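What follows is a single structure, written as structure tokens, with notes after it.
2 protein chains.
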Amino acid sequence: MKILVVEDNKDILANLHDFLTLKGYVVDCADNGLTALHLISSQSYDLIILDIMLPGVDGLTICDSLRNNAHLDTPVIMLTAKDEIEDKLKGFESGADDYLVKPFDLSELLVRIEAVLRRTSKNSQQKILQVADLEFNLDTMSVTRAGKPVTLKPASLKLLKKLMQESPCVVKRETLEQLLWGDDLPDKDNLKAHIYLLRNKIDKPFANKLLKTVHGIGYQLLDQNQ
Amino acid sequence: MKILVVEDNKDILANLHDFLTLKGYVVDCADNGLTALHLISSQSYDLIILDIMLPGVDGLTICDSLRNNAHLDTPVIMLTAKDEIEDKLKGFESGADDYLVKPFDLSELLVRIEAVLRRTSKNSQQKILQVADLEFNLDTMSVTRAGKPVTLKPASLKLLKKLMQESPCVVKRETLEQLLWGDDLPDKDNLKAHIYLLRNKIDKPFANKLLKTVHGIGYQLLDQNQ
DNA sequence: CTTCAACAACCAGTATTTTCATAATTTCTT
DNA sequence: AAGAAATTATGAAAATACTGGTTGTTGAAG
Numbered sequence: 063m064k065i066l067v068v069e070d071n072k073d074i075l076a077n078l079h080d081f082l083t084l085k086g087y088v089v090d091c092a093d094n095g096l097t098a099l100h101l102i103s104s105q106s107y108d109l110i111i112l113d114i115m116l117p118g119v120d121g122l123t124i125c126d127s128l129r130n131n132a133h134l135d136t137p138v139i140m141l142t143a144k145d146e147i148e149d150k151l152k153g154f155e156s157g158a159d160d161y162l163v164k165p166f167d168l169s170e171l172l173v174r175i176e177a178v179l180r181r182t183s184k185n186s187q188q189k190i191l192q193v194a195d196l197e198f199n200l201d202t203m204s205v206t207r208a209g210k211p212v213t214l215k216p217a218s219l220k221l222l223k224k225l226m227q228e229s230p231c232v233v234k235r236e237t238l239e240q241l242l243w244g245d246d247l248p249d250k251d252n253l254k255a256h257i258y259l260l261r262n263k264i265d266k267p268f269a270n271k272l273l274k275t276v277h278g279i280g281y282q283l284l285d286q287n288q
Numbered sequence: 063m064k065i066l067v068v069e070d071n072k073d074i075l076a077n078l079h080d081f082l083t084l085k086g087y088v089v090d091c092a093d094n095g096l097t098a099l100h101l102i103s104s105q106s107y108d109l110i111i112l113d114i115m116l117p118g119v120d121g122l123t124i125c126d127s128l129r130n131n132a133h134l135d136t137p138v139i140m141l142t143a144k145d146e147i148e149d150k151l152k153g154f155e156s157g158a159d160d161y162l163v164k165p166f167d168l169s170e171l172l173v174r175i176e177a178v179l180r181r182t183s184k185n186s187q188q189k190i191l192q193v194a195d196l197e198f199n200l201d202t203m204s205v206t207r208a209g210k211p212v213t214l215k216p217a218s219l220k221l222l223k224k225l226m227q228e229s230p231c232v233v234k235r236e237t238l239e240q241l242l243w244g245d246d247l248p249d250k251d252n253l254k255a256h257i258y259l260l261r262n263k264i265d266k267p268f269a270n271k272l273l274k275t276v277h278g279i280g281y282q283l284l285d286q287n288q
């Protein structure tokens, strides 16, 4: 989990950095708005902790630009001074997910971080695997090749998922066997039959064959046209 | 906007009531868990403000029962004493949308109320679930297919709600079992019977079958005609 | 006591996996 | 480069696992 902390008070900044690092997060720091914007555009964060009052570009502006640009769904926790209550509403309006009033308890921050991450993590999972024109939607458990639906049986689905997750790496035969049957393996020719079934569905009707055999090792999904 | 405040300290309760009424909300009060549960089941609220420590039925229990029953999406703001920080996490786990540490600023409460209402109002406008010509009104807990009313039993309602919320995603068998029976599962054939009952009601009388079984995984509501 | 929803047990029908014999391919050896 | 050895592919049939649909029983609520 990677967090960006934006705060102009160097003491607080160092404090937050140490605390969050201790709690197992990877932490980047910025003490002004421009640096923050630069980091945001060049990195991908799971969460941004943002002070409203900043020299130069302020927190609300950063939050706005975040929502209107690429990293739309990165959650934001705002930090505000006690006498800026009106700013809080603006903060939420600009798309913050939560805020904290300074001075705050570090444990309180931690709770809110976890809550926000929990709240947003459900939606942000990438649930579509893709190799060439082959797509696997993990939500609907449906597979398409070149836009056309492909119906697979449970064992084939498991196999394909693993192969797509590991693509373009080779998956060892034992790994696949382990995946399908755990520790008590049936006949040793069994995997071949399943690979055959899978090939019939996803490769046979198409010119560009993706499922390669790596002799003596295992199998691999690979698009040779790139 | 109608708010339910649950708090056993009568002073605080009266205070909150007056403040929120002043701010234009319609406020109901409860000073114990049982009264709260009773009100929740007989009324529809836009927001519930819930003290964790309550005589009899506590706040977490109320929140749990809320999430496992009809008014699933009513947002909840938890109130906790300063030394109950651990409870906060539990609060979020049981499905609270936010929390406040006592003693708190009334203006802070107001900001969070508005934030929570804004955050949830987007989703909660969606109080009618819809899949093809099948409709589920979460307010009245009534279901219609092609405009005709369908009467469902409690277990079927839970099942259907989940399936419609997740549609068109596949819902794993275990997820549904978890939903109906929690951790101590009854017979494994039981879910089949319930699916069967549900099918009889929502699919059997109609040509376009929506409730699909995904062999080896679970079930799915899906409109194939689109 | 009655009623109704939920539960468990069951069989039949269907879908999926496994097996097995044979063909094809790759790799190794000379 | 050719043949032998090892590995992998193919395809259909048999075995297994899963699901649908019923029915009788249980248990709780009114």
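Taken in sequence, the protein lines are chains V and U. First residue of the first sequence: 63, per our numbering; consecutive thereafter. First residue of the second sequence: 63, per our numbering; consecutive thereafter. Using N, Cα and C, we set each Cβ at its ideal position, and we do this for glycine too. Keep in mind it's a predicted model, so treat the numbers as computed, not measured.
In this structure Met203 of chain U does not touch Leu222 of chain U by the C-beta definition: roughly 10 Å separates them, more than the 8 Å allowed. For Gln240 of chain V, the enclosing alpha helix (DSSP H) covers residues Arg235 to Trp243. Nearest neighbour of Asp73 of chain U by Cα position, chosen from U:Ile65, U:Cys91 and U:Met63, turns out to be U:Cys91. Close to chain V, meaning a Cβ-Cβ distance shorter than 8 Å, is no residue of the stretch 246-260 of chain U at all. In the DSSP annotation of this structure, the continuous segment of the beta strand (DSSP E) that includes Ser204 of chain V starts and ends at Ser204 to Arg207. Closer than 7 Å to the CB of Val276 of chain U there is at least one CB belonging to chain V. Within its own chain, the residues whose Cβ lies closer than 6 Å to the Cβ of Gln282 of chain V, once the five positions on either side in sequence are excluded, are Val232, Lys274 and Val276, listed in chain order. Taking 7 Å as the CB threshold, Cys125 of chain U stays off the interface with chain V. Between Val173 of chain U and Ala158 of chain U, the C-beta gap is not smaller than 7 Å, which leaves the two residues out of contact. Listed in chain order, the non-local C-beta contacts of Lys189 of chain V below 7 Å within the same chain comprise Asn199, Leu200 and Asp201, local neighbours out to five positions each way being set aside. Under the DSSP assignment, Phe81 of chain V falls in the alpha helix (DSSP H) whose first and last residues are Lys72 to Leu84.
Comparing alpha-carbon positions, the option among V:Leu171, V:Asp93, V:Asn262 and V:Lys271 lying closest to Thr213 of chain V turns out to be V:Asn262.
Arg129 of chain V and Gln227 of chain V have their C-alpha atoms roughly 30 Å apart.
Against chain V, a Cβ distance below 7 Å from Arg180 of chain U picks out Phe154. Rounded to the nearest angstrom, the Cβ distance from Val163 of chain V to Leu112 of chain V is 14 Å, too far for a contact under 8 Å. Beyond the five residues adjoining it in sequence on each side, His79 of chain V comes within less than 8 Å, by CB distance, of Val67, Val89 and Cys91 in the same chain, given in chain order. Taking a beta-carbon distance threshold of 7 Å, Val232 of chain U counts as an interface residue toward chain V. Cβ neighbours of Ala208 of chain U within its own chain (closer than 6 Å, five residues either side excluded): Asp195. Those residues of the stretch 189-211 of chain V placed with their C-beta closer than 7 Å to a C-beta in chain U are Asp201, Thr202 and Met203, ordered along the chain.
Listed in chain order, the non-local C-beta contacts of Thr206 of chain U below 7 Å within the same chain comprise Glu197 and Val212, local neighbours out to five positions each way being set aside.
If the five residues before and after Cys125 of chain U are omitted, its C-beta is found closer than 8 Å to the C-beta atoms of Leu112, Val138, Met140, Gly153, Ser156, Gly157 and Ala158, all from its own chain and listed in chain order. In this structure Ala217 of chain V touches Leu242 of chain V by the C-beta definition: roughly 6 Å separates them, less than 8 Å.
Note that the C-beta distance between Val178 of chain U and Asp167 of chain U is not below 7 Å. Taking C-beta separations shorter than 6 Å and ignoring five residues to either side along the sequence, the partners of Ser229 of chain V in its chain run Val193 and Leu283, following chain order.
Chain V has no Cβ within less than 7 Å of the Cβ of Ala143 of chain U. The DSSP-derived three-state label of Gln286 of chain U is coil. With a 10 Å radius around the Cβ and a threshold of 16 neighbouring Cβ atoms, Lys271 of chain V comes out exposed.
For Pro165 of chain V, there is no enclosing alpha helix (DSSP H), as DSSP marks it with neither H nor E.
One thing to note: Leu96 of chain U has its Cβ within 7 Å of the Cβ of Val119 of chain U.
By the neighbour-count criterion, in which a residue is buried when 16 or more other Cβ atoms sit within 10 angstroms of its Cβ, Gly278 of chain U is exposed. Per DSSP, Glu197 of chain U lies in no alpha helix (DSSP H); the unbroken beta strand (DSSP E) holding it starts and ends at Leu196 to Asn199. Ranking V:Ile175, V:Gln240, V:Leu225 and V:His256 by CA distance to the CA of Lys215 of chain V puts V:His256 first. Contact note: Pro165 of chain V does not reach chain U at a C-beta cutoff of 7 Å; the least C-beta distance is about 13 Å.
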